[in-house]
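Each residue of the sequence shown is one higher than the last, beginning at 22 in my numbering.
A virtual CB, placed ideally from N, CA and C, is assigned to each residue, including glycine.
Since the structure is predicted, the reported quantities are computational estimates derived from the model, not experimental observations.
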Amino acid sequence: MSYTIAITGKGGVGKTTVAALTVSRLIARGCRPVLAVDADPNTCLDAVLGVKVQKTIGRVREEAREIAGKGMSAGVSKQELLEMKISESLVEADNFDLIAMGRPEGPGCYCYANNVLKQAIQSIADNYAYVVIDNEAGLENLSRRIVQKVDLMLIVADPSRRGMETMARLHELAGEMGVGYGKLAMVVNRLRRDELPIGAAELKQQLKADYLVGLPDNVQLSECDEDGSSLGGLPPDNEVVKRIDALLAEAGVINK
Ligand SMILES: Nc1ncnc2c1ncn2[C@@H]1O[C@H](COP(=O)(O)OP(=O)(O)OP(=O)(O)O)[C@@H](O)[C@H]1O
Ligand SMILES: [Mg+2]
């Protein structure tokens, strides 16, 4: 069974950044193998991790449909075909693999295809000790249940009053949609004075969150973004890296 970490939050708050740092810290601390899942149709986790996706799952699904339409070779089930195709779309990096969901392509209803796809992704995810999912803004992907269970859910928000309200709203939505998780971490990102916003501690109690983490606005992160370099190259003494480490340690994922 893999340990699954899902990162969610509204647009532009730092989900992909936190997802990429989580992947690189797991690897740095010897937690392997890791599967990174880019569940945002606007694939970008690959760039932040310094790799390049050639084929998304959206494309794989179309290819599998085309092959199925032409008639498959004897002895290969639809499920097996999809699993083979998904394996082909895996980006294999030095210390982790990555799949990107992309967007659904072509016409037609995908309900059945989606279910088959989920099973295929799940069986691939089972080959990894750790799975890190970078979601698109909102909770749609979690509700589509790319994976059955989430061990650690991170809700990322900006440090404004509205950011806190959005966090509460996302938490409420997760409850309404029956999104289950083992532990919940509130991550308040881009703190200017490195102080948590008013109401964050109360919100933690209200949401019964297990962890509350503040991440400072960080120049090295901005520089990586500007020159397009991988976040995996950030030194372990970078303040944001240290706080991600501390969260993973507190959650018992890595050693303290
Ligand atoms: N702690 C930080 N310090 C400095 N810059 C940051 C920090 N966190 C995120 N950023 C920057 O903020 C921008 C948005 O971050 P990111 O792409 O991770 O957000 P996102 O939530 O994944 O966005 P989207 O909803 O578009 O997927 C990026 O330019 C990123 O480099
Ligand atoms: Mg993103």
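- If you look at residue 27, you'll find it in the beta strand (DSSP E) that goes 24-30.
- By the Cβ criterion, the segment 24-43 is in contact with the segment 142-158, since at least three pairs of Cβ atoms, one from each stretch, lie closer than 8 Å.
- By the Cβ-count criterion, residue 150 is exposed, with fewer than 16 other Cβ atoms from all chains shown falling within 10 Å of its own Cβ.
- With a cut-off of 8 Å, the C-beta of residue 155 is classified as near ligand 1, since at least one heavy atom of the ligand falls inside that distance.
- In this chain, residue 106 is not harboured by any beta strand (DSSP E); it is covered by the alpha helix (DSSP H) spanning 99-110.
- Between residue 224 and residue 185, the CB-CB gap stays under 9 Å.
- Annotated as distal: residue 119 and residue 171, with beta-carbon spacing of 9 Å or more.
- Residue 41 carries a helical assignment under DSSP once its states are collapsed to helix, strand and coil.
- Beta-bridge analysis with DSSP links residue 210 to 236.
- For residue 240, the number of other beta carbons within 10 angstroms of its own is below 16, and it is reported as exposed.
- Proximity of the beta carbon of residue 70 to ligand 2 is not indicated: no heavy atom of the ligand is located closer than 8 Å.
- Each of 142, 23, 215 and 182 was checked against the Cα of residue 78, and the nearest Cα belongs to 142.
- Just measuring C-alpha positions, the residue of 193, 173, 182 and 68 sitting nearest residue 159 is 193.
- Taking a contact as a CB-CB distance under 8 Å, the pair residue 59 and residue 105 does not count as one, their CB atoms being some 21 Å apart.
- With a threshold of 16 other beta carbon atoms within 10 Å, residue 179 meets it and is buried.
- Taking a C-beta distance under 9 Å as the contact criterion, residue 177 and residue 90 do not qualify as a contact pair.
- Counting other Cβ atoms within 10 Å of its Cβ, residue 182 stays below 16 and is therefore classed as exposed.
- DSSP places residue 194 in the uninterrupted alpha helix (DSSP H) bounded by 182-197.
- Beta-carbon to beta-carbon, residue 265 and residue 50 are separated by about 10 Å, too far to satisfy the 8 Å threshold.
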